[in-house]
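Single-structure report; data block below.
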């Protein structure tokens with residue numbers, strides 16, 4: 001309470017309530033200059049918001065949300081698209097003689113596919129520590145430069161060992177993106193808004209699939225080249241990534257406190273908006289007790305088990321979709337072209353399921369429902385006669401919807417885990433396990449089982465079934481916890497000022513008795 005009183009005493013500037021702009025916010029400026037912990041800065045911003053009428057803040061919060069949607073969300077979407085495109089270059093280049101030119105044999109290609117996720121696995125937890133301590137926007141901007149250069153280096157390798165090493169470092173660098181965006185989304189949007197915004201920035205995987213397939217198709221028509229066509233794909237994507245790094249370094253915010261598109265008053269409103277999340281902004285100090293709590297939390301273990309399932313699914317589908325389609329008797333150009341609908345379907349369905357998840361208590365149900373099309377597609381690949389090639393390709397297209405349950409599941413640690421050390425630990429371990437699944441996924445595809453890959457299809461179907469069962473258990477557990485708190489009278493009253501200020505004290509979801517889980 002002493003810090004709250006200190007903030008109360010310091011925040012005394014006069015405000016223009018009619019125009020919605022503050023004449024003097026000197027105290028907050030001093031906090032920024034002292035490099036204060038973001039939770040303390042957030043608490044100061046929230047205290048400043050108490051000078052304004054609630055109806056004014058509600059009105060202006062709509063304007064702030066629109067600004068964030070219009071400026072920040074497109075930056076995140078473009079960045080994530082390039083990240084996914086970098087990963088998918090291996091899939092597209094495989095159709096143009098990559099394995100032959102690099103003398104890959106046996107399961108070498110499967111290991112190269114897994115190398116990216118081995119790198120991601122190694123980098124997943126260290127990145128969580130760095131994201132807790134360093135500015136998110138600047139960190140991502142620098143990483144874009146580096147991984148763009150690494151992407152281009154893939155055009156210089158000529159054997160399995162070189163390709164494995166490059167893909168490993170690419171995964172190590174790109175491991176920062178998904179957890180960074182989960183954290184940034186939780187800092188800029190309310191809990192009710194996060195699932196849809198996360199669906200938007202992940203839906204661009206569909207755009208990346210379309211762009212990548214068309215890029216591969218164009219590379220296939222390129223003539224007079226002094227390099228193989230598959231190398232051209234890596235060079236183009238690498239240059240695009242490096243150039244975009246300049247934009248991100250300059251404009252992507254680290255949180256609401258330094259979003260360039262917001263005025264100082266709008267930053268106050270932005271912090272007031274997310275105070276209802278009960279998760280604060282960011283706390284740089286690692287709290288060992290929160291790690292212990294996470295390790296003993298039943299629902300956290302459910303999340304980690306789901307990470308295995310989605311990792312296996314993603315690793316298998318992302319790297320072998322072109323091989324499956326090509327196995328139905330299509331040439332390289334036709335295979336590239338037939339993958340474009342996958343991206344379109346992913347773009348539409350991920351956003352559609354994101355909207356569905358906005359309905360009250362529908363996040364868990366939406367995740368389960370969004371698993372069904374992909375599962376149906378796998379059954380179709382196993383059962384449809386090989387003569388019906390186009391129907392089989394259609395079943396492959398349904399795998400594009402996998403992005404929806406994946407991203408909605410990714411949002412759960414941000415939605416239902418409070419305490420910054422706890423959330424960082426949960427996300428770090430989550431992505432380590434997710435990467436392990438991605439490593440295992442490609443190895444379900446046995447070269448002798450072309451084109452249906454029955455072992456892989458059965459394994460992926462089992463992963464879908466496991467993910468759905470675990471999600472039902474997770475949602476039920478959170479529902480029962482909410483009902484218990486409701487009976488004890490902890491969730492009846494709307495958040496008071498004290499509750500909102502408490503959210504900046506780095507309490508975990510277990511320590512904060514008023515925390516309501518999203519279901």
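Residue numbers (full-length UniProt numbering): 1 to 519.
Ideal placement from N, C-alpha and C gives every residue a C-beta, glycine not left out.
Please read all numbers here as calculations on a predicted model, not as lab measurements.
**Asked** Using the C-alpha atoms, what's the distance from residue 232 back to residue 72?
**Response** Here the question's residue 72 lines up with position 72 in the chain shown. Here the question's residue 232 lines up with position 232 in the chain shown. Going by the C-alpha atoms only, they are around 31 Å apart.
**Asked** Where does residue 63 sit, in a helix, a strand or coil, going by DSSP?
**Response** Against the chain shown, residue 63 aligns to sequence position 63. Residue 63 sits in a helix when the DSSP states are folded into three classes.
**Asked** In chain order, which beta strand (DSSP E) runs of at least 3 residues are fully inside the stretch 362-408?
**Response** none
**Prompt:** Using the beta-carbon count (16 or more within 10 Å), is residue 465 buried or exposed?
**Reply:** Position 465 of the chain shown, counted from the first residue, corresponds to residue 465. Exposed: under 16 other Cβ atoms inside 10 Å.
**Request:** Less than 8 Å between the CB atoms is what I'm expecting for residue 149 and residue 242, so what's the real figure, rounded?
**Result:** In the chain shown, the residue the question calls residue 149 occupies position 149. In the chain shown, the residue the question calls residue 242 occupies position 242. Contact flag correct, Cβ pair sits at about 7 Å.
**Request:** Determine the contact status of residue 120 and residue 171, defining contact as a CB-CB distance below 9 Å.
**Result:** Looking up residue 120 in the chain shown gives position 120. Looking up residue 171 in the chain shown gives position 171. A contact, by the Cβ cut-off of 9 Å.
**Message:** My output table needs one value for residue 419: the three-state DSSP class, helix, strand or coil.
**Reply:** Numbered from its first residue, the chain shown carries residue 419 at position 419. Residue 419 falls in the coil class under three-state DSSP.
**Message:** Classify residue 503: buried if its beta carbon has 16 or more other beta carbons within 10 angstroms, exposed otherwise.
**Reply:** For the purposes of this step, residue 503 is taken as residue 503 along the chain shown, with counting starting at 1. By the 10 Å Cβ count, residue 503 comes out buried.
**Asked** Assuming residue 325 and residue 335 make a contact with CB atoms under 8 Å, what is their CB distance in whole Å?
**Response** Residue numbering aside, residue 325 sits at position 325 when the chain shown is read from its first letter. Residue numbering aside, residue 335 sits at position 335 when the chain shown is read from its first letter. Sure, about 5 Å apart at Cβ, within 8 Å.
**Message:** If you follow the alpha helix (DSSP H) that residue 109 is in, where does it begin and where does it stop?
**Reply:** For the purposes of this step, residue 109 is identified with residue 109 of the chain shown, where counting begins at 1. Note, residue 109: alpha helix (DSSP H), 108-133.
**Prompt:** Would a C-beta distance cut-off of 9 Å place residue 307 and residue 409 closer than the cut-off?
**Reply:** Numbered from 1 along the chain shown, position 307 holds the residue referred to as residue 307. Numbered from 1 along the chain shown, position 409 holds the residue referred to as residue 409. Going by C-beta atoms, residue 307 is nearer than 9 Å to residue 409.
**Item:** Backbone CA spacing between residue 74 and residue 281 [nearest angstrom]
**Value:** If you number the chain shown from 1, residue 74 lands on position 74. If you number the chain shown from 1, residue 281 lands on position 281. Roughly 22 Å between the two C-alpha positions.
**Prompt:** Are the stretch 195-204 and the stretch 433-442 in contact at 8 Å, needing three or more beta carbon pairs?
**Reply:** no
**Prompt:** Three-state secondary structure (DSSP) at residue 349?
**Reply:** Residue 349 sits at position 349 when you count from the first residue of the chain shown. The answer is helix: DSSP assigns residue 349 an H, G or I state.
**Asked** Among residues of its own chain, excluding the 5 on either side of residue 417, which ones have a beta-carbon nearer than 7 Å to its beta-carbon?
**Response** Against the chain shown, residue 417 aligns to sequence position 417. Excluding positions up to five away in sequence, the list reads 423, 426 and 509.
**Message:** According to DSSP, simplified to helix, strand and coil, what is residue 21?
**Reply:** Walking along the chain shown from the start, residue 21 turns up at place 21. Summary for residue 21: the model assigns pLDDT 44, below 50, so the residue's position carries little reliability; its value from the coordinates is reported in the next sentence. The answer is strand: DSSP assigns residue 21 an E or B state.
**alpha helix (DSSP H) runs contained entirely in the stretch 293-363, provided each spans 4 or more residues** = Counting only unbroken stretches of 4 or more residues, the alpha helix (DSSP H) elements lying wholly within the stretch 293-363 are 298-327, 332-338 and 340-356, in sequence order.
**Length of the line joining the Cα atoms of residue 237 and residue 108** = Your numbering for residue 237 matches position 237 in the chain shown. Your numbering for residue 108 matches position 108 in the chain shown. Their Cα atoms are separated by approximately 24 Å.
**Request:** Whole angstroms is fine: what's the gap from residue 104's alpha carbon to residue 354's?
**Result:** To locate residue 104, count along the chain shown from 1; it is residue 104. To locate residue 354, count along the chain shown from 1; it is residue 354. C-alpha separation (whole angstroms): 40 Å.
**Request:** Going by CA-CA distance only, name the one from 513, 61, 383 and 247 that's closest to residue 569.
**Result:** In the structure as shown, the chain starts at 1 and stops at 519, and residue 569 therefore has no counterpart that could be examined.
**Asked** What residue does the alpha helix (DSSP H) around residue 221 start on, and which one ends it?
**Response** Taking the first residue of the chain shown as position 1, residue 221 is located at position 221. Note, residue 221: alpha helix (DSSP H), 191-221.
**Message:** Assuming residue 267 is part of the alpha helix (DSSP H), what are its boundary residues?
**Reply:** For the purposes of this step, residue 267 is identified with residue 267 of the chain shown, where counting begins at 1. Segment 264-274, the alpha helix (DSSP H) holding residue 267.
**Request:** List the endpoints of the continuous alpha helix (DSSP H) containing residue 183.
**Result:** Within the chain shown, numbered from 1, the residue matching residue 183 stands at position 183. Element bounds for residue 183: 177-188.
**Request:** Can you tell me the Cβ-Cβ gap for residue 273 and residue 64, rounded? I've got them flagged as a contact below 8 Å.
**Result:** Within the chain shown, numbered from 1, the residue matching residue 273 stands at position 273. Within the chain shown, numbered from 1, the residue matching residue 64 stands at position 64. The Cβ separation is near 7 Å, so the contact holds.
**Anticipated Cβ contact below 8 Å, residue 176 with residue 140, distance rounded** = For the purposes of this step, residue 176 is taken as residue 176 along the chain shown, with counting starting at 1. For the purposes of this step, residue 140 is taken as residue 140 along the chain shown, with counting starting at 1. Indeed, because the Cβ distance is near 7 Å, the residues count as touching under 8 Å.
**Message:** Just to confirm before moving on: does the CB-CB distance between residue 506 and residue 283 stay below 9 Å?
**Reply:** Numbered from 1 along the chain shown, position 506 holds the residue referred to as residue 506. Numbered from 1 along the chain shown, position 283 holds the residue referred to as residue 283. A contact, by the Cβ cut-off of 9 Å.
**Prompt:** Could you give the distance in angstroms between the alpha-carbon of residue 255 and the alpha-carbon of residue 293?
**Reply:** For the purposes of this step, residue 255 is taken as residue 255 along the chain shown, with counting starting at 1. For the purposes of this step, residue 293 is taken as residue 293 along the chain shown, with counting starting at 1. Between residue 255 and residue 293, the C-alpha separation is close to 26 Å.
**Message:** Between the alpha carbons of residue 4 and residue 37, how many angstroms are there, rounded?
**Reply:** On the chain shown, position 4 is the one that residue 4 refers to. On the chain shown, position 37 is the one that residue 37 refers to. With a pLDDT of only 40 at residue 4, under 50, the local geometry of the prediction cannot be trusted, and no value is derived from it.
**Prompt:** What residues in its chain sit with their C-beta under 6 Å from that of residue 342, if we drop five residues either side in the sequence?
**Reply:** On the chain shown, position 342 is the one that residue 342 refers to. Once the five neighbours on either side are set aside, the close Cβ partners of residue 342 are 209, 397 and 400.
**Item:** As assigned by DSSP and simplified to three states, the class of residue 54
**Value:** Start at 1 with the first residue of the chain shown, and residue 54 comes out as number 54. Residue 54: helix per DSSP, three-state reduction.
**Item:** Beta-carbon spacing of residue 461, residue 379 below 9 Å
**Value:** Indexing the chain shown from 1 puts residue 461 at position 461. Indexing the chain shown from 1 puts residue 379 at position 379. Closer than 9 Å, so yes.
**Buried/exposed call for residue 279, threshold 16 Cβ in 10 Å** = Reading the chain shown from its first residue, position 279 is the one you call residue 279. Classification of residue 279: buried, given that the 10 Å Cβ count is 16 or more.
**Asked** Since residue 463 and residue 445 are thought to touch, with beta carbons under 8 Å apart, how far apart are those beta carbons, to the nearest angstrom?
**Response** The count along the chain shown starts at 1 and reaches residue 463 at position 463. The count along the chain shown starts at 1 and reaches residue 445 at position 445. Actually they are not in contact, since the Cβ atoms of residue 463 and residue 445 sit about 14 Å apart, beyond 8 Å.
**Message:** At the level of alpha carbons, what is the spacing between residue 234 and residue 112?
**Reply:** Counting from one through the chain shown, the residue named residue 234 turns up at place 234. Counting from one through the chain shown, the residue named residue 112 turns up at place 112. Rounded to the nearest whole angstrom, the CA to CA distance from residue 234 to residue 112 is 15 Å.
**Asked** Applying the criterion that 16 or more other CB atoms from any shown protein chain within 10 Å of the CB defines a buried residue, is residue 420 buried or exposed?
**Response** Stepping through the chain shown from its first residue, residue 420 is reached at position 420. So residue 420 counts as buried.
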